[in-house]
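Peer 1: My questions will all concern the structure given below.
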Amino acid sequence: MRKEQATLLIIEDDSEFLETLVDYLSDLKLTITTAQNGKIGSHLAMNSAFDCILCDITMPEMHGDEAVNHIRQTPLNSKTPIIILSAYLDNKIVETLSDKTARIFSKPINFELLGNTILEQIKKFRQELQ
Numbered sequence: 215m216r217k218e219q220a221t222l223l224i225i226e227d228d229s230e231f232l233e234t235l236v237d238y239l240s241d242l243k244l245t246i247t248t249a250q251n252g253k254i255g256s257h258l259a260m261n262s263a264f265d266c267i268l269c270d271i272t273m274p275e276m277h278g279d280e281a282v283n284h285i286r287q288t289p290l291n292s293k294t295p296i297i298i299l300s301a302y303l304d305n306k307i308v309e310t311l312s313d314k315t316a317r318i319f320s321k322p323i324n325f326e327l328l329g330n331t332i333l334e335q336i337k338k339f340r341q342e343l344q
């Protein structure tokens, strides 16, 4: 069973962009957990259930596409909506991730659209759990 307050995992290696994301998304009243790379994010997803996950693609330690594959194999987050955020999107990555993710955003991000998408995905996900 999911906690009352929605939870969000953000996997992003750019600390300045991560701080901006957290500042903006804090208005959504979510419990936000952050990870500086895909390896840490995958580990967090193995041990905690989230209502939504934001994931960058190009990161040290473990790229976002590999992190998404690991997260999809974890019982706690196999169905959790994942939203990709990346400045470097190519057709191969989009094609590979389109069936594993809820949405793909290209940086720079429209924060209002991102916030609305997160809330929509969480609402849909929680309805599916009932």
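Going by my numbering, the sequence shown opens with residue 215, and the numbers climb by one from there. C-beta: ideal position from N, C-alpha, C; glycine also.
Residues in its own chain within less than 6 Å of Gln-250 by CB, not counting five upstream and five downstream?
Peer 2: Counting from 1 along the sequence shown, the entry for residue 250 is found at position 36. Asp-227.
Peer 1: Between Ser-292 and Ile-323, what straight-line distance do the alpha-carbon atoms span, to the nearest angstrom?
Peer 2: Mapped onto the sequence shown, residue 292 falls at position 78. Mapped onto the sequence shown, residue 323 falls at position 109. Approximately 25 Å, taken between the alpha carbons.
Peer 1: Using a Cβ-Cβ cutoff of less than 7 Å, which residues in the same chain neighbour Met-215 once the five nearest sequence positions on both sides are dropped?
Peer 2: For the purposes of this step, residue 215 is taken as residue 1 along the sequence shown, with counting starting at 1. Because the pLDDT at Met-215 is just 44, under 50, the model does not fix this residue reliably, and the value given afterwards should be weighed accordingly. Correct list: empty, nothing qualifies.
Peer 1: Which one of Thr-234, Ile-271 and Asp-304 has the shortest CA to CA distance from Ile-297?
Peer 2: One-based indexing of the sequence shown puts residue 297 at position 83. Considering only alpha carbons, the answer is Ile-271.
Peer 1: Would you call Ser-262 buried or exposed, if buried means 16 or more other Cβ atoms sit within 10 Å of its Cβ?
Peer 2: Counting from 1 along the sequence shown, the entry for residue 262 is found at position 48. So Ser-262 ends up on the exposed side.
Peer 1: How is Phe-325 classed by DSSP in three states: helix, strand or coil?
Peer 2: Locating residue 325 in the sequence shown gives position 111, where the first residue counts as 1. In the structure shown, Phe-325 sits in a helix (DSSP, three-state: H, G or I).
Peer 1: Are the beta-carbon atoms of Lys-314 and Ala-301 separated by less than 9 Å?
Peer 2: Taking the first residue of the sequence shown as position 1, residue 314 is located at position 100. Taking the first residue of the sequence shown as position 1, residue 301 is located at position 87. Result no, Cβ atoms of Lys-314 and Ala-301 do not sit closer than 9 Å.
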